[in-house]
Amino acid sequence: LITSLGPSMKTETNGTVVKLTLPRPAELDSLPQLVRPIMDREVAAVKEAKQNNALLVICSALTVYMDANGTLPAYNENGLSWRVHILPFLYEDELYEEFHLDEPWDSEHNKTLIERMPPVFGNDPAGVSSIHTFVGPGTLFTGPEGQSMYEISDPPSETILFVRAGESTAEPWTKPGGLTLDPSDPLAALGNINEMFTAIMADSSRRKVSKDIDPDEFRGLVNPNDENR
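Per this note's numbering, residue -13 is the first one in the sequence shown, and the count goes up by one each step.
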């Protein structure tokens, strides 16, 4: 581009002042269109890095919670979510103390705290999050009795702790629950995911998983005690 300007460049001198006049490059009008894809990729990369960092922060909080309490947060459908119970380990003590722990997530008081979702769980103004654990038999979150990751039979590196699922799975971050596997179509629990989704494993590692993963292999990653690893 610079080379093509050379022959058309005009110079004027006035004492010690030199004035250069350049023609407007024909390619200038298309510059925004040329730069936009590069900027979009950069913005997407920054967003992905921020989201991945948030997942690792959540993982650290869950691990410290388990070390302090002996188990992962128990699943109580009439209480509050695991996200609420790890708040003290996310340096959100003041928010945690505002919850009425003896009331369900949708009590008149607790509902007022939904819109104050910490950024690590997402940035939706409605206070909904698509970061989930799997719940039910054959998962790390089986019911009212919390489970320790140190007591599972499968390698922690081959056991999913939680995932960032599709936006269609988003629910109030204070609501207890999680993703339940359909034996005939286990990946359906993840909702509208792209080609890959992110899983945080029980050893605190991050894994990008293809939506085309074999269903049996996926079930094995969710089940901490299937002993097939």
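Note that the Cβ used here is the ideal one computed from N, Cα and C, for glycine as well. Note that the structure is a prediction, hence the values are computed from the model and not measured.
- Counting C-beta pairs closer than 8 Å gives three or more between the region 169 to 178 and the region 191 to 201, which meets the contact rule.
- Listed as beta-bridge partners of ALA188 by DSSP are no residues whatsoever.
- Burial is judged here by how many other beta carbons sit within 10 angstroms of a residue's own beta carbon; VAL3 has fewer than 16 and is exposed.
- Around the Cβ of THR145, a 10 Å sphere holds 16 or more other Cβ atoms; the residue is buried.
- Taking every protein chain shown into account, the CB of GLN19 has fewer than 16 other CB atoms within 10 angstroms, so this residue is exposed.
- Of the residues LEU76, ILE100, GLY164, the one whose Cα lies closest to the Cα of PRO123 is GLY164.
- Ranked by how close their Cα comes to the Cα of THR125, the residues ARG10, ARG193, TRP91, ARG205 have ARG205 in first place.
- Going by C-alpha positions, GLU131 is about 6 Å away from ALA60.
- Excluding sequence positions up to five before and after PRO210, its CB lies within less than 6 Å of the CB of LEU126, ILE138, ASP140, THR145, all in the same chain and listed in chain order.
- In the structure shown, HIS95 adopts coil according to DSSP, grouped into three states.
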